[in-house]
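Numbering (the numbering used here), first residue to last: 603 to 885.
In this text, a Cβ means the ideal position worked out from N, Cα and C, and glycines have one as well.
Since this is a predicted model, take the numbers as computed values, not measurements.
Take a look at the structure set out below.
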Ligand code: DCS
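Listed below in C-alpha cells is the structure:
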C-alpha cells in the first residue's frame with residue numbers, strides 16, 4: 603500500500619480526496635519540491651526545505667508548519683513507504699475555496715501533499731550520455747520560484763520527447779537559461795560555465811552541489827550565460843537535477859558535443875558527486 607503526505611499527516615492514498623476548488627488545481631497557485639532519497643536517506647533535504655519556504659515567501663504563501671515539522675513529515679513519508687532509492691515529491695497550494703484570483707482569507711488553510719516513488723539512479727544515462735534539443739524559453743520571468751505552473755516546461759519537455767531527446771535546453775534569444783526541468787552547464791578549455799542564479803533559472807540544489815564538486819576537483823567555474831552557438835562548440839555539456847544528477851549531453855539537435863562521449867571533467871564531477879551521496883553505490 604502507498605502512503606501520502608496530506609497536510610500534517612501520513613495517510614493511505616485511498617483516504618485522500620482532492621477538492622476541485624483547490625487553487626493548485628485551478629490556478630497552479632502553489633509551489634513544490636522533489637528530494638532524492640538514497641537507500642532510505644534524504645539527500646540535501648535541508649536545502650530543499652529552505653527553498654520550499656523561500657518559494658512560498660516569494661508567492662506570499664505562509665506555510666503553517668515549522669521547518670522542523672516538515673522535515674519530520676518528510677522522514678515519515680519515506681519510512682511509511684519503506685522507500686529505498688527514489689524520490690519524494692511534495693507541494694503546497696493556497697488552499698481550496700470558490701474560484702477567485704484574489705487570495706483567500708486566512709480562514710482558508712494551504713493544502714500540503716506529498717508522495718514517494720521508488721526510482722533507480724539513471725546510471726545508463728550517466729555512462730552513455732543523452733541527447734538534447736534547443737527550445738525557446740517561453741516561461742515567465744520568475745523561474746527562481748519552484749511554481750506548480752509548469753506549462754512552459756511541459757511543452758518544452760514534450761517537444762524534446764517527440765524528437766527523441768532527454769531534455770530541452772531552453773534559450774531566450776539564443777542565450778541558454780536552463781533545461782525544462784534541470785540546469786545546464788558547458789565546459790570549454792577547462793572552465794565550467796552555467797547561467798547565473800537569477801530570476802531566469804531555478805537555482806538548483808544539485809547545481810550548488812556540482813559547483814562545490816567543481817571547486818574540489820580544481821575545475822574553475824564562471825557563472826556566466828552562454829549561447830546556443832557556444833554550446834555546440836563546448837568540449838562538454840551537462841544537465842543536472844535532483845533525479846538526473848550529473849548527466850552528460852553528447853548531442854544537441856544532431857550536433858555531436860566534444861568527442862560524442864561523456865567528457866573527462868564530467869566523469870570527474872560524477873565521481874566527486876558520488877562522494878556526497880549517502881552511498882557510493884551506482885545502483
Ligand atoms: N531547473 C528547473 C526548471 C527545474 O525544474 C529543476 C528541477 C532544476 C532546474 C534542478 O533543480 P534541482 O537540482 O534542485 O533538482 N526539477 C525537479 C522536477 O520537476 N523534477 O525533478 C527535479
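| field | Three-way DSSP call (helix, strand, coil) for residue 838 in this model | value | strand
| residue 625 lies in the beta strand (DSSP E); which residues open and close that run? | Taken as a continuous stretch (DSSP letters only), residue 625 belongs to no beta strand (DSSP E), being part of the alpha helix (DSSP H) at 625-629.
| message | On the CB-based measure, 16 or more other CB atoms within 10 Å of its CB, does residue 668 come out buried or exposed? | response | exposed
| task | Answer yes if the stretch 869-880 comes into contact with the stretch 751-759, meaning at least three C-beta pairs across the two stretches below 8 Å, and no otherwise. | result | no
| task | From the DSSP output, in three-state form, read off residue 808 for me. | result | helix
| Whole-angstrom C-beta distance between residue 695 and residue 624, which should lie under 8 Å | 6 Å
| query | Is it a yes or a no for the stretch 716-732 touching the stretch 646-661, going by three-plus beta-carbon pairs under 8 Å? | reply | no
| query | Taking 7 Å as the line, does the beta carbon of residue 737 fall inside it for any heavy atom of the ligand DCS? | reply | no
| query | Going by the C-beta, is residue 720 closer than 7 Å to any heavy atom of the ligand DCS? | reply | no
| field | Boundaries (first-last residue) of the alpha helix (DSSP H) holding residue 876 | value | 866-876
| said: Assuming contact is defined by CB atoms lying nearer than 8 Å, are residue 807 and residue 646 in contact in what I supplied? | reply: yes
| said: When you compare the CB of residue 835 with every CB in chain B, is at least one pair closer than 8 Å? | reply: Note that chain B does not occur in the displayed structure, where there is just one protein chain.
| task | In the DSSP assignment, find the unbroken alpha helix (DSSP H) run with residue 693 in it and report its ends. | result | Premise fails: residue 693 lies in the beta strand (DSSP E), 688-695, not in any alpha helix (DSSP H).
| request: Give the DSSP-derived three-state secondary structure of residue 797 in the structure shown. | output: coil
| Name the DSSP bridge partner or partners of residue 638? | 689
| query | Is it true that the CB of residue 812 sits closer than 8 Å to the CB of residue 854? | reply | no
| query | Grouping DSSP H, G and I as helix and E and B as strand, with all else coil, what is residue 720? | reply | strand
| query | Does the stretch 699-710 come close enough to the stretch 733-746 that 3 or more CB-CB pairs lie under 8 Å? | reply | no
| message | Spatial neighbours of residue 884 within its chain, please: C-beta separation below 8 Å, excluding the five flanking residues on both sides. | response | Residue confidence for residue 884 is low, a pLDDT of 49 falling below 50, so the modelled location carries little weight; the figure read from the coordinates is stated next. Here the set comprises 723, 725, 728, 876.
| residue 854 (DSSP reduced to helix, strand or coil) | strand
| query | Would residue 638 be called buried (16 or more neighbouring beta carbons within 10 Å of its own) or exposed? | reply | buried
| said: Quick check: does the Cβ of residue 806 come within less than 7 Å of any heavy atom belonging to the ligand DCS? | reply: yes
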